[in-house]
Amino acid sequence: VEAGTVVIGTGKLGQALLDYRGFAESGLNLMAGFDICPSAEQTQTGKPMYPISILEAFCRYYEVHIGVIAVPADNAQEVCDRLVACGVKAIWNFAPTHLDVPANILVQNENMATSLAVLSVHLQAQMKEEKK
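All residue numbers for the sequence shown refer to the numbering used here, where the first residue is 12 and numbers rise by one.
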């Protein structure tokens with residue numbers, strides 16, 4: 012069973028996520044992107060991008076269960092609240108901020124800056140070890 016998923020924020024990150032074909036192999040159906048002002052009607056691979064004004068209607072009609080947040084930190088909580096209000100049960104958060112959600116909502120935070128910093132620290136340690 013594919014989990015209906017929407018991406019909020021259709022900038023470069025949002026569009027890259029929408030166009031990534033590997034999610035389908037994991038049972039995820041990235042259905043559409045939403046933005047205050049979508050830059051186009053669809054992504055390079057044809058995924059639709061809509062104005063955020065129709066988010067709630069879309070999510071209810073298609074029974075969307077996962078929301079991906081790819082907006083600036085200042086807008087993330089508002090987007091999160093809208094997703095929760097329209098029935099989303101899980102959120103994949105790329106915004107570098109903490110989200111306040113009800114206890115029954117799953118949140119996976121991705122902090123790319125932290126991940127890269129951790130990788131850099133491990134690489135430096137490995138290189139230091141190799142010099143010995």
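By construction, the Cβ of each residue, glycine as well, lies at the ideal position given by its N, Cα and C atoms.
Beta-carbon contacts of Gln88 that lie in its chain and below 8 angstroms, excluding the five residues immediately before and after: Looking up residue 88 in the sequence shown gives position 77. The answer, listed in chain order, is Thr108, Leu110 and Asp111.
Gln135 versus Thr125: straight-line alpha-carbon distance, rounded: By 1-based counting over the sequence shown, the position of residue 135 is 124. By 1-based counting over the sequence shown, the position of residue 125 is 114. Rounded to whole angstroms, Gln135 to Thr125 spans 15 angstroms at the Cα level.
Sequence-distant residues of its chain with Cβ nearer than 7 angstroms to Val129 (five each side left out): On the sequence shown, position 118 is the one that residue 129 refers to. Contacts found: none.
Chain-order list of residues whose beta-carbon lies under 6 angstroms from that of Ala101 (same chain, five-residue window excluded): Stepping through the sequence shown from its first residue, residue 101 is reached at position 90. In its chain, beyond the 5 residues on either side, Ile77 and Leu117 have a beta carbon closer than 6 angstroms to the beta carbon of Ala101.
Span separating the alpha-carbon of Met138 from that of Cys70: In the sequence shown, residue 138 corresponds to position 127, counting from 1. In the sequence shown, residue 70 corresponds to position 59, counting from 1. Rounded to the nearest angstrom, the two C-alpha atoms are 48 angstroms apart.
Inter-stretch contact at 8 angstroms, needing at least 3 Cβ pairs: the segment 37-44 / the segment 16-25: Using a C-beta cut-off of 8 angstroms, the segment 37-44 makes contact with the segment 16-25, since at least three inter-stretch Cβ pairs fall below that distance.
Local conformation of Tyr73 per DSSP, three classes: Here residue 73 refers to the residue found at position 62 when the sequence shown is read from its first residue. Secondary structure of Tyr73 (DSSP, three-state): helix.
CB-CB length for Val75 against Trp103, believed under 8 angstroms: Position 64 of the sequence shown, counting from 1, holds the residue named residue 75. Position 92 of the sequence shown, counting from 1, holds the residue named residue 103. Contact flag wrong, Cβ pair sits at about 13 angstroms.
Whole alpha helix (DSSP H) elements within the segment 19-77, 4-residue minimum: Within the segment 19-77, the complete alpha helix (DSSP H) runs of at least 4 residues are 23-30, 33-36 and 66-73.
Backbone CA spacing between Ala96 and Glu67 [nearest angstrom]: For the purposes of this step, residue 96 is taken as the residue at position 85 of the sequence shown. For the purposes of this step, residue 67 is taken as the residue at position 56 of the sequence shown. Each residue's alpha carbon lies about 8 angstroms from the other.
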